[in-house]
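Engineer:
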Amino acid sequence: MAVVKNRGLGRGLNALLGDKPTAEVMSQTTQIPISKICPNSYQPRTCFASDELLKLTESIRSEGVLMPVLIRPNGDGYELIAGERRWRAAQAAGLVEIPAVVRDVSDLQALELAIIENEQRDDLSPIESAAAYNRMIVEFGCTQQQVAEKIGISRVQVSNLIRLLQLSVRIKSMIERRILNMGQARPLVGLPEVIAEKLADECVEQGLSARQMEQAAKKAAKPVEDKVAKEPDADVAALQDELSRKLGLSVELACKPNGAGVLRIRYTQAAELDGVLRKLRG
Numbered sequence: 023m024a025v026v027k028n029r030g031l032g033r034g035l036n037a038l039l040g041d042k043p044t045a046e047v048m049s050q051t052t053q054i055p056i057s058k059i060c061p062n063s064y065q066p067r068t069c070f071a072s073d074e075l076l077k078l079t080e081s082i083r084s085e086g087v088l089m090p091v092l093i094r095p096n097g098d099g100y101e102l103i104a105g106e107r108r109w110r111a112a113q114a115a116g117l118v119e120i121p122a123v124v125r126d127v128s129d130l131q132a133l134e135l136a137i138i139e140n141e142q143r144d145d146l147s148p149i150e151s152a153a154a155y156n157r158m159i160v161e162f163g164c165t166q167q168q169v170a171e172k173i174g175i176s177r178v179q180v181s182n183l184i185r186l187l188q189l190s191v192r193i194k195s196m197i198e199r200r201i202l203n204m205g206q207a208r209p210l211v212g213l214p215e216v217i218a219e220k221l222a223d224e225c226v227e228q229g230l231s232a233r234q235m236e237q238a239a240k241k242a243a244k245p246v247e248d249k250v251a252k253e254p255d256a257d258v259a260a261l262q263d264e265l266s267r268k269l270g271l272s273v274e275l276a277c278k279p280n281g282a283g284v285l286r287i288r289y290t291q292a293a294e295l296d297g298v299l300r301k302l303r304g
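Under my numbering, the first residue of the sequence shown is numbered 23, with each subsequent residue one higher.
1) When you compare only the Cα positions, how much space is there between V91 and Q50?
2) Of all the options T44, G86, P61, which has the alpha carbon lying nearest to the alpha carbon of E119?
3) Exposed or buried, A259, counting other C-beta atoms within 10 Å across all chains shown (16 or more means buried)?
4) Roughly how many angstroms separate the alpha carbons of R125 and K42, rounded to a whole number?
5) Answer yes if the region 189-196 comes into contact with the region 157-166, meaning at least three C-beta pairs across the two stretches below 8 Å, and no otherwise.
6) Are the CB atoms of A136 and A104 within a distance shorter than 8 Å?
7) Beta-carbon separation of Y155 and L183 under 8 Å?
8) What is the residue span of the beta strand (DSSP E) that Q53 lies within?
9) Does N28 come out as helix, strand or coil in the three-state DSSP assignment?
10) When DSSP builds the beta bridges, which residues end up paired with P95?
11) Would you give the residue range spanned by the beta strand (DSSP E) that I120 belongs to?
12) Who are V284's beta bridge partners in DSSP?
13) Could you tell me the alpha carbon to alpha carbon distance between A115 and L88, rounded to whole angstroms?
14) For S151, which residues of its own chain have a beta-carbon under 6 Å away from its beta-carbon, when the five flanking residues on both sides are left out?
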């Protein structure tokens with residue numbers, strides 16, 4: 023049985039995300055026509071393995087649906103929140119109705135519950151998790167810390183996963199197909215696409231570890247950083263000159279290919295620093 027972490031969902035919702043029905047869950051269960059239920063529009067999982075669905079379909083044919091799905095009202099019918107594999111398999115098994123628990127939850131809660139259900143079964147790839155967390159931030163205005171608290175992981179893990187979305191489509195596909203894991207892929211973030219994809223291919227071909235990928239990425243990034251330092255972009259140089267004129271001090275602006283960078287303002291005495299601070303404070 024999957025262990026459901028305490029994520030502040032409340033005892034009732036936690037119980038609905040387990041593998042086995044409790045007496046509390048069964049007391050809330052009712053039979054709902056499958057035709058009245060539509061898929062979860064906030065489902066973070068994009069791929070359902072056919073062999074897993076076939077196995078679950080055969081199980082449902084012989085034993086029925088043991089754990090009710092979680093749904094919410096949606097117009098004249100219902101929308102799935104958790105249990106889409108069971109719902110799909112029940113349709114394939116020819117069932118007309120499916121046991122369900124109806125809860126009136128918000129869109130954000132629907133997304134949160136769908137993420138938790140999938141993650142506790144290890145059904146989501148790092149890219150699917152990252153996209154779901156990013157949706158909580160972009161669509162619902164959550165901070166990374168709030169996402170971490172709702173899902174039950176660290177803020178650093180949320181940040182690291184979301185950064186994977188910066189990778190190329192081909193590398194993200196390799197992660198989704200689980201031929202490249204998060205630890206191996208993370209060092210590739212920020213590298214030029216051609217270099218990152220070359221390293222990703224080498225990682226798969228040679229079976230490189232996450233530590234080896236970190237070393238390879240650092241080595242590949244150094245020439246790029248050196249080139250940026252030696253050959254500043256014309257726009258960067260213009261901005262550097264503008265800042266130097268406005269502040270009356272030497273300004274250095276170093277930009278990396280991933281958009282990050284360093285701004286250095288050089289001063290030789292405290293009075294010059296005071297002058298900069300006065301300008302910054304308006």
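Using N, Cα and C, we set each Cβ at its ideal position, and we do this for glycine too.
Structural biologist: Working from what's here:
1) Numbered from its first residue, the sequence shown carries residue 91 at position 69. Numbered from its first residue, the sequence shown carries residue 50 at position 28. V91 and Q50: Cα-Cα distance of roughly 11 Å.
2) As a first step, residue 119 must be located in the sequence shown, where it is residue number 97. The option with the nearest alpha carbon to E119 is G86.
3) Counting from one through the sequence shown, the residue named residue 259 turns up at place 237. Classification for A259: exposed.
4) Here residue 125 is taken as the residue at index 103 of the sequence shown, counted from 1. Here residue 42 is taken as the residue at index 20 of the sequence shown, counted from 1. Each residue's Cα considered, the two are about 18 Å apart.
5) no
6) Residue mapping note: residue 104 aligns to position 82 of the sequence shown, counting from 1. Residue mapping note: residue 136 aligns to position 114 of the sequence shown, counting from 1. Yes, these two residues count as a Cβ contact at 8 Å.
7) As a working note, residue 155 is residue 133 in the sequence shown. As a working note, residue 183 is residue 161 in the sequence shown. Going by beta carbons, Y155 and L183 fall inside the 8 Å limit.
8) To locate residue 53, count along the sequence shown from 1; it is residue 31. Looking at the DSSP string, the run of the beta strand (DSSP E) that includes Q53 is 52-55.
9) Position 6 of the sequence shown holds residue 28. Low confidence applies here, because N28 scores a pLDDT of 42, under 50, leaving its location unreliable; read the following figure in that light. Three-state result, N28: coil.
10) Residue numbering aside, residue 95 sits at position 73 when the sequence shown is read from its first letter. The bridge partners DSSP lists for P95 are Y100.
11) For the purposes of this step, residue 120 is taken as the residue at position 98 of the sequence shown. Per DSSP, I120 belongs to the beta strand (DSSP E) from 119-124.
12) Residue mapping note: residue 284 aligns to position 262 of the sequence shown, counting from 1. According to DSSP, which records beta bridges pairwise, V284 is partnered with A276.
13) Numbered from its first residue, the sequence shown carries residue 115 at position 93. Numbered from its first residue, the sequence shown carries residue 88 at position 66. Looking at the two C-alpha atoms, the distance is approximately 14 Å.
14) Stepping through the sequence shown from its first residue, residue 151 is reached at position 129. Same-chain partners within the cutoff: L183.
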